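Quick note: the sequence shown uses the UniProt record's numbering, first residue 1, plus one each step. Shown next, in structure tokens, is the structure this report addresses.
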Amino acid sequence: MEPKLGFGWTEEEIPDLTGTTAVVTGANSGLGFVTATQLAAHGASVTLAVRDAARGAAAVERMRAGLPDAVLTVRVLDLASLASIAAFADEFTAATGRLDLLVNNAGVMNLPQRQTADGFEMQFGTNHLGHFALTGRLLPLLLAAPDARVVTLSSTVHRIGKMNFDDLMGARRYRPWPAYGQSKLANLLFTSELQRKATAAKLSLRAMAAHPGFALTNLQTVGPTMRGSKATTRRSRLTAALIRELAQPAGWGALPTLFAATVPDLAGNSFVGPEGFGQQHGHPVPVTRSKRAENSGDALRLWAQSERLTGVNYDFTGRSRNDSWRG
1 MEPKLGFGWT EEEIPDLTGT TAVVTGANSG LGFVTATQLA AHGASVTLAV
51 RDAARGAAAV ERMRAGLPDA VLTVRVLDLA SLASIAAFAD EFTAATGRLD
101 LLVNNAGVMN LPQRQTADGF EMQFGTNHLG HFALTGRLLP LLLAAPDARV
151 VTLSSTVHRI GKMNFDDLMG ARRYRPWPAY GQSKLANLLF TSELQRKATA
201 AKLSLRAMAA HPGFALTNLQ TVGPTMRGSK ATTRRSRLTA ALIRELAQPA
251 GWGALPTLFA ATVPDLAGNS FVGPEGFGQQ HGHPVPVTRS KRAENSGDAL
301 RLWAQSERLT GVNYDFTGRS RNDSWRG
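This is how it looks when you write it as structure tokens:
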């Protein structure tokens, strides 16, 4: 049955994914857990790329309770560490040798000022640079697959984002929400430039982006909790209660990702989100993005900066040349 490219699409319309090898970052909880579960339920071999191996193993147990025959693997990946990203890519490549689908799902939101292991601002470093480095290191496998996809999660908050190329890490002025917005804008600029480069090289690789709308995950409360004051803790509890009342469940929030990952005829550089008012709730459909997210000059500039910062240089011939950074 052909999928509906519009109203009403659900996980029931995911095609048979037998033979598909997938990696989902942040797959031990929330949207990533649902995404990995649904991919496995439809036949994909799924690697859960997670920071905590024990939590990853617990997630696999939960998945296997309903999917006893699912092909699931846990591998440790810390997107806030270039060394961890390099190790993950090397180990995955050696063990698997194939990758059809990469879902760049993991992320952090609205954090107090923090730095990654490599000195990057935590939200930009994790949400964008970490996934940029991971995708680049796995690129030879993706290019070897006949119709590979990279799906990167953005957010409606990308609309408040601005690329501050003179202060990408917020060293001069840091504000949590604008920093998050910049990282989510970067996800969309990365997607568009990845697709442009793949198309220019006449490759079948498709880069997609998705956002969950207003979905029930733990992202909304992690940042406030990290601030630590009693007043902030009380506010985070009130926020969590409000989110539980208003947000759509993670199962709905994951549908745009699954749509972007599996609908056969979806064009590269598609951006998928909920169909409802403000793109906050509902079934997945292709959606609009901000004018800043369509700025090809910013996309190219961000790409060059990202290669310089991470030391991961993309080669669209399929050969790996990501050796300029040696952690």
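Backbone N, C-alpha and C fix where the C-beta goes; we use that ideal spot for every residue, glycine too. Quick caveat, the model's predicted, so the values are computed rather than measured.
Boundaries (first-last residue) of the beta strand (DSSP E) holding residue i
| i | result |
| --- | --- |
| Leu77 | Note, Leu77: premise wrong, no beta strand (DSSP E); not H, not E. |
C-alpha gap between residue i and residue j, whole angstroms
| i | j | result |
| --- | --- | --- |
| Ala299 | Ala200 | 15 Å |
| Leu111 | Asn127 | 12 Å |
| Val60 | Ala53 | 11 Å |
| Lys4 | Gly251 | Note that Lys4 scores 42 on pLDDT, short of 50, meaning its location in the model is unreliable; the coordinates nonetheless yield the value given after this. Computed Cα separation, rounded: 19 Å. |
| Arg137 | Glu307 | 11 Å |
| Glu13 | Asn187 | 27 Å |
| Leu101 | Val23 | 6 Å |
| Ile85 | Phe259 | 26 Å |
| Ile243 | Met122 | Legend: pLDDT at Ile243 = 48, less than 50; position of this residue unreliable, value from coordinates given subsequently. When rounded, the distance between both Cα atoms is 24 Å. |
| Arg51 | Lys291 | 34 Å |
| Leu315 | Leu143 | The sequence shown places Asp at residue 315, not Leu. Distance between the alpha carbons of Asp315 and Leu143 is about 10 Å. |
| Val151 | His211 | 10 Å |
| Tyr180 | Arg55 | 25 Å |
| Val287 | Thr156 | 10 Å |
| Thr257 | Thr35 | 7 Å |
| Gly273 | Glu11 | 14 Å |
| Leu203 | Gly125 | 28 Å |
| Thr37 | Leu185 | 27 Å |
| Trp177 | Asp265 | 35 Å |
| Met208 | Ser270 | 5 Å |
| Ile160 | Ala293 | 11 Å |
| Ser229 | Ala106 | Note on Ser229: pLDDT 49, under 50, position unreliable in the model; the coordinate value appears next. If I take the Cα positions, the gap works out to 26 Å. |
Per-residue DSSP class, three states only, for residue i
| i | result |
| --- | --- |
| Thr47 | strand |
| Pro15 | coil |
| Leu102 | strand |
| Asn127 | helix |
| Val60 | helix |
| Ala70 | coil |
| Ala133 | helix |
| Thr221 | With a pLDDT of 46 at Thr221, under the threshold of 50, the predicted position of this residue should be treated as unreliable, though the coordinate-derived value follows. Note: Thr221 maps to helix in three-state DSSP. |
| Leu143 | helix |
| Arg172 | coil |
| Ser84 | helix |
| Trp9 | coil |
| Ala254 | coil |
| Thr317 | coil |
| Asp167 | coil |
| Phe214 | coil |
| Asp90 | helix |
| Ala27 | coil |
One or two residues paired with residue i in a DSSP bridge
| i | result |
| --- | --- |
| Met208 | Val151 |
| Gly273 | Val285 |
| Ala22 | Val46 and Leu101 |
| Gln115 | Glu121 |
Span of the alpha helix (DSSP H), counted from its first residue to its last, around residue i
| i | result |
| --- | --- |
| Val108 | It is not in any alpha helix (DSSP H) - Val108 carries neither H nor E in the DSSP assignment. |
| Val34 | Gly30 to Ala41 |
| Thr199 | Pro176 to Ala200 |
| Gln305 | Ser296 to Thr310 |
| Ala267 | Counting along the chain, Ala267 falls outside any alpha helix (DSSP H), and DSSP gives it neither H nor E. |
Minimum C-alpha distance to residue i - residue among the options
| i | options | result |
| --- | --- | --- |
| Asp90 | Val76, Ala80 and His211 | Val76 |
| Ala80 | Phe132, Gly8, Phe33 and Ser154 | Phe132 |
| Ala27 | Val103, Ala86, Arg173 and Gly282 | Val103 |
| Leu72 | Arg51, Ala87, Gly97 and Gly43 | Gly43 |
| Glu193 | Tyr180, Leu143 and Asn295 | Asn295 |
| residue 386 | Ala145, Leu141 and Pro68 | In the structure as shown, the chain starts at 1 and stops at 327, and residue 386 therefore has no counterpart that could be examined. |
| Asp166 | Val312, Thr21, Trp9 and Arg301 | Arg301 |
| Gly297 | Val312, Phe190 and Leu309 | Phe190 |
| Ala171 | Ser45, Arg114 and Ser154 | Arg114 |
| Asp16 | Val263, Gly107, Val108 and Thr116 | Val263 |
| Asp118 | Gly130, Val108 and Thr135 | Gly130 |
| Ser45 | Leu31, Gly30 and Arg64 | Arg64 |
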